[in-house]
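Colleague:
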Amino acid sequence: MKIAVLSRNPNLYSTRRLIEAIREAGHEGIIVDHSICDLIIEQDGPSIIYKGNKLHDIDAIIPRIGASVTFYGTAVVRQFELMGAFSAVNSQAIVRSRDKLRSLQILSSAGLGMPKTAFTNFSKGGEKQIIEHVGGAPLIIKLLEGTQGLGVVLAETKKAGQSVIEAFHGLKARIIIQEFIKEAKGADIRAFVVNGKVVGAMKRQGAEGEFRSNLHRGGKATLIKLSRAERSAALKAARALGLEVAGVDMLQSARGPLILEVNSSPGLEGIEKATGVNVANAIISFIEDGVNKRRKGIRNEQ
2 MKIAVLSRNP
12 NLYSTRRLIE
22 AIREAGHEGI
32 IVDHSICDLI
42 IEQDGPSIIY
52 KGNKLHDIDA
62 IIPRIGASVT
72 FYGTAVVRQF
82 ELMGAFSAVN
92 SQAIVRSRDK
102 LRSLQILSSA
112 GLGMPKTAFT
122 NFSKGGEKQI
132 IEHVGGAPLI
142 IKLLEGTQGL
152 GVVLAETKKA
162 GQSVIEAFHG
172 LKARIIIQEF
182 IKEAKGADIR
192 AFVVNGKVVG
202 AMKRQGAEGE
212 FRSNLHRGGK
222 ATLIKLSRAE
232 RSAALKAARA
242 LGLEVAGVDM
252 LQSARGPLIL
262 EVNSSPGLEG
272 IEKATGVNVA
282 NAIISFIEDG
292 VNKRRKGIRN
302 EQ
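In structure tokens:
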């Protein structure tokens with residue numbers, strides 16, 4: 002089997018681990034920088050030119066699409082899908098998960114617990130009202146395009162919240178306003194889901210004085226055993242967004258697990274080091290199963 006990891010950086014831990022796992026399983030693994038793929042669309046069918054050569058005989062792909070290149074990256078994933086390659090993460094699921102507002106709307110409609118969230122259309126003078134919608138101060142203000150904890154602000158008072166919202170709106174920056182979950186104490190949980198199962202989970206604790214728990218912001222990760230409710234919420238969230246491989250971020254609250262975000266390209270380093278689980282291998286096993294099922298289905302149709 003020939004499996005391509007779509008990644009712009011071959012030196013990243015996740016990219017290296019996936020290539021190792023592919024080769025350990027006896028398959029051919031290649032790295033394809035999706036940002037320099039040329040997509041050819043014609044009557045003869047879709048094709049991809051990479052570094053001057055046409056890519057062919059790719060059985061499966063593992064998209065590692067950064068947030069800054071979501072549009073082009075998902076177009077490349079879609080092209081591979083149309084060429085018959087099995088994708089560990091569906092292109093439309095990536096699009097759904099990357100749109101924070103849309104993903105929260107989907108999760109809400111699925112009945113999942115989440116911090117109360119509000120969104121408004123730059124309504125001048127409406128800052129005070131929208132803060133009340135999420136229960137007042139303290140509150141969290143997030144840029145819709147932010148990643149790895151960037152563009153996330155904790156406003157301790159209503160006045161501070163109004164000032165931050167006014168500033169973002171003045172810049173025409175799209176934001177969501179969220180309820181602050183005090184009992185989470187600067188920590189969250191990431192559950193790593195592969196093929197309808199939680200293969201590993203870690204608790205991320207923010208650095209002292211830091212309300213964001215992201216590892217990129219200095220947070221620390223430790224192994225955690227999920228409760229039944231947390232495991233169920235993680236699986237339901239991934240399923241709602243159509244993601245077979247996902248990192249589901251949750252807060253522990255007095256009213257149960259609250260979904261923060263579902264990541265379609267979750268990093269492997271934090272989860273593997275915190276849990277000791279070979280997550281890369283679980284992803285390759287899922288791909289093997291998916292490709293074999295597809296091949297069997299094609300044979301049955303013939």
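The numbering used here puts the first residue of the sequence shown at 2, with every later residue one more than the last. By construction, the Cβ of each residue, glycine as well, lies at the ideal position given by its N, Cα and C atoms.
(1) Cutting at 6 Å between CB atoms, please list the residues of its own chain near R18, excluding the five before and the five after it.
(2) Between A89 and I284, is the Cβ-Cβ spacing less than 8 Å?
(3) State the DSSP-derived secondary structure class of G114, mapped to helix, strand or coil.
(4) Quick check on S254: does DSSP put it in helix, strand or coil?
(5) Using the Cα positions of Q80 and P258, report the straight-line distance between them to the nearest angstrom.
(6) Who are the Cβ neighbours of P139 in its own chain at under 7 Å, not counting the five residues just before and after it?
(7) Quick one: what's Y51 bridged to in DSSP?
(8) Measuring CA to CA, which of A111, A86, V78, G112 is closest to V96?
(9) Start and end of the beta strand (DSSP E) containing Q130?
(10) Look at A5 and I59 and say whether their C-beta atoms are less than 8 Å apart.
(11) Under a three-way DSSP split, which group does V199 fall into?
(12) Compare the Cα-Cα distances from Q253 to each of G243, S265, R232, N264 and report the closest residue.
(13) Determine the extent of the beta strand (DSSP E) in which L140 is found, giving its start and end residues.
(14) In angstroms, rounded to a whole number, what distance separates the CA positions of N91 and A76?
(15) Assign A86 to buried or exposed, taking buried as 16 or more other Cβ atoms, counted over all protein chains shown, within 10 Å of its Cβ.
(16) Please state whether the Cβ-Cβ distance between Q206 and A188 is less than 8 Å.
(17) Secondary structure at S88, three-state DSSP: helix, strand or coil?
(18) Determine the contact status of A1 and I107, defining contact as a CB-CB distance below 8 Å.
(19) DSSP on A174, reduced to helix/strand/coil?
(20) Might you give, ordered along the chain, the residues of its own chain that have their beta carbon closer than 7 Å to the beta carbon of Q303, omitting 5 neighbours on each side?
(21) Measure the beta-carbon distance from A94 to I288 and round it to whole angstroms, keeping in mind my assumption that it falls under 8 Å.
(22) Over what stretch of residues does the beta strand (DSSP E) that includes A156 continue unbroken?
(23) Would you say I142 faces chain B, with C-beta separation under 8 Å as the test?
(24) Does DSSP put N282 in a helix, a strand or coil?
(25) Please check the pair K237 and L113, which I expect to be a contact at CB under 8 Å, by giving their CB distance rounded to whole angstroms.
(26) For V246, write down the residues that DSSP places opposite it in a beta bridge.
(27) Can you tell me whether DSSP reads A26 as helix, strand or coil?
(28) Which of the three DSSP states is assigned to Q303 in this structure?
Modeller: So, to answer that:
(1) By the criterion of a C-beta distance shorter than 6 Å, R18 is surrounded in its chain by L269, A281, once the five residues flanking it on both sides are discounted.
(2) Contact: yes.
(3) coil
(4) strand
(5) 37 Å
(6) L155, A156, E157, F181
(7) C38, N54
(8) V78
(9) From DSSP, Q130 is part of no beta strand (DSSP E) but of the alpha helix (DSSP H) over 128-134.
(10) yes
(11) strand
(12) Nearest option by C-alpha distance: R232.
(13) Where L140 is concerned, the enclosing beta strand (DSSP E) stretches over 140-144.
(14) In a straight line, the C-alpha of N91 is about 11 Å away from that of A76.
(15) So A86 counts as buried.
(16) yes
(17) strand
(18) The requested residue 1 is not part of the displayed model; the chain covers only 2 to 303.
(19) coil
(20) Any reading at Q303 must be qualified, since the residue scores a pLDDT of 49, below 50, and its modelled position is unreliable; the value itself is stated next. So no residue of the chain qualifies.
(21) Your pair A94 and I288 does not check out as a contact, with CB atoms roughly 15 Å apart and the cut at 8 Å.
(22) First-last of the beta strand (DSSP E) with A156: 153-156.
(23) As a matter of chain content, chain B is missing from the structure shown, which is built from one protein chain.
(24) DSSP places N282 in the helix class (H, G or I) of the three-state scheme.
(25) 6 Å
(26) V195
(27) coil
(28) Since pLDDT at Q303 reaches only 49, below the 50 mark, its modelled position is unreliable, and no value is offered.
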